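Engineer:
Here it is as C-alpha cells:
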C-alpha cells in the first residue's frame with residue numbers, strides 16, 4: 100500500500116504527459132502573413148467559406164412617434180416576478196413593453212437602436228399611454244442612464 104501511494108502520482112504524471120504530447124500535435128498556430136479582410140466572411144471550416152450579406156429590410160406597416168423609456172428587472176419597477184414578462188417569457192435583450200400592441204409584435208426604433216428588431220412581450224402600468232414604449236435593460240443604472248427619449252417606432256409587418 101505504501102508503494103502504491105508513491106507510484107500512483109508518478110503513473111498519473113506519466114499518463115498526463117503522454118496525453119499532452121499526443122494532443123500537442125493538434126494545437127492551433129497563427130500565420131504570420133495575415134492581413135485585413137475586405138469583405139466580411141463567415142468561416143464554417145477551412146475548406147468552406149460563405150460571404151456575409153445584410154439581411155433584407157423588413158416591411159414596415161406603420162410608423163408612430165413614441166416616448167421611449169427603459170426599465171430593468173427590479174421589484175420597484177415590476178410586480179412580484181421581475182424576471183418573467185407579461186407574456187410569460189423570461190426577460191432578455193430585445194424585448195419591449197407597450198400597452199397598445201399585441202404580444203409578439205416586432206418593432207424597430209431606428210433612431211435609437213438602428214436596424215435591430217425588438218419584440219413586444221411585456222406590459223406597462225395601465226396608466227401609461229399606447230404611445231409609450233419601455234425597453235428592457237439588464238441593470239437599473241442603464242435604465243436610468245437611458246432616460247426619456249422620443250423616436251419614431253416602426254411596426255414590422257409579418
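Residue numbers (this note's numbering): 100 to 257.
Think of the CB as a built atom: it goes at the ideal place given N, C-alpha and C, for glycine as much as any other residue.
Here the structure is a predicted model, which is why all the values come from computation and not from measurement.
Out of curiosity, what's the CA-to-CA distance linking residue 174 and residue 160?
Structural biologist: The sequence position of residue 174 within the chain shown is 75, counting from 1. The sequence position of residue 160 within the chain shown is 61, counting from 1. Cα-Cα distance, rounded: 35 Å.
Engineer: Could you please give me the residues that DSSP links to residue 221 through a beta bridge?
Structural biologist: Along the chain shown, one-based indexing puts residue 221 at 122. According to DSSP, residue 221 bridges with 196.
Engineer: Does the separation of the CB atoms of residue 250 and residue 195 fall below 8 Å?
Structural biologist: Here residue 250 refers to the residue found at position 151 of the chain shown. Here residue 195 refers to the residue found at position 96 of the chain shown. No, they are not a contact pair.
Engineer: If contact is defined by three or more beta carbon pairs under 8 Å, each pair taking one atom from either stretch, is the region 241-249 in contact with the region 178-192?
Structural biologist: As far as the Cβ criterion goes, the region 178-192 does not touch the region 241-249, which means the pair count is below three.
Engineer: Taking residue 243 as the reference, give the member of 215, 119 and 170 with the closest Cα.
Structural biologist: Here residue 243 corresponds to residue number 144 of the chain shown, with the count starting at 1. Measuring from the Cα of residue 243, the nearest candidate turns out to be 170.
Engineer: Smallest Cα separation from residue 240: which of 176, 188 and 122?
Structural biologist: On the chain shown, position 141 is the one that residue 240 refers to. That would be 176, whose Cα lies nearest to the Cα of residue 240.
Engineer: Quick one: what's got a C-beta closer than 8 Å to residue 185's C-beta in the same chain, skipping five residues either side?
Structural biologist: Taking the first residue of the chain shown as position 1, residue 185 is located at position 86. The residues are 196, 202, 220, 221 and 222.
Engineer: Just curious, the beta strand (DSSP E) that residue 242 is in, first and last residue?
Structural biologist: Residue numbering aside, residue 242 sits at position 143 when the chain shown is read from its first letter. Here residue 242 belongs to no beta strand (DSSP E); instead the alpha helix (DSSP H) covers 239-245.
Engineer: Near residue 253, which residues of its chain fall below 6 Å by C-beta distance, leaving aside the five closest residues on each side in sequence?
Structural biologist: Within the chain shown, numbered from 1, the residue matching residue 253 stands at position 154. Same-chain partners within the cutoff: 159, 162 and 207.
Engineer: Measuring CB to CB, does residue 255 end up less than 8 Å from residue 191?
Structural biologist: Residue numbering aside, residue 255 sits at position 156 when the chain shown is read from its first letter. Residue numbering aside, residue 191 sits at position 92 when the chain shown is read from its first letter. Their beta carbons are not under 8 Å apart, which means residue 255 does not touch residue 191 by this criterion.
Engineer: Using DSSP with H/G/I as helix, E/B as strand and the rest coil, what is residue 109?
Structural biologist: One-based indexing of the chain shown puts residue 109 at position 10. Residue 109 falls in the helix class under three-state DSSP.
Engineer: Report the partner residues of residue 249 according to the DSSP bridge assignment.
Structural biologist: Here residue 249 corresponds to residue number 150 of the chain shown, with the count starting at 1. Answer is 166, bridged to residue 249.
Engineer: Skipping 5 residues on each side, what residues in its chain have a beta carbon closer than 8 Å to that of residue 164?
Structural biologist: Position 65 of the chain shown, counted from the start, is the residue given in the question as residue 164. Answer for residue 164: 230, 249, 250, 251 and 252, listed in chain order.
Engineer: So residue 232 is in the beta strand (DSSP E); what residue range does that whole segment cover?
Structural biologist: By one-based count along the chain shown, residue 232 stands at place 133. First-last of the beta strand (DSSP E) with residue 232: 231-235.
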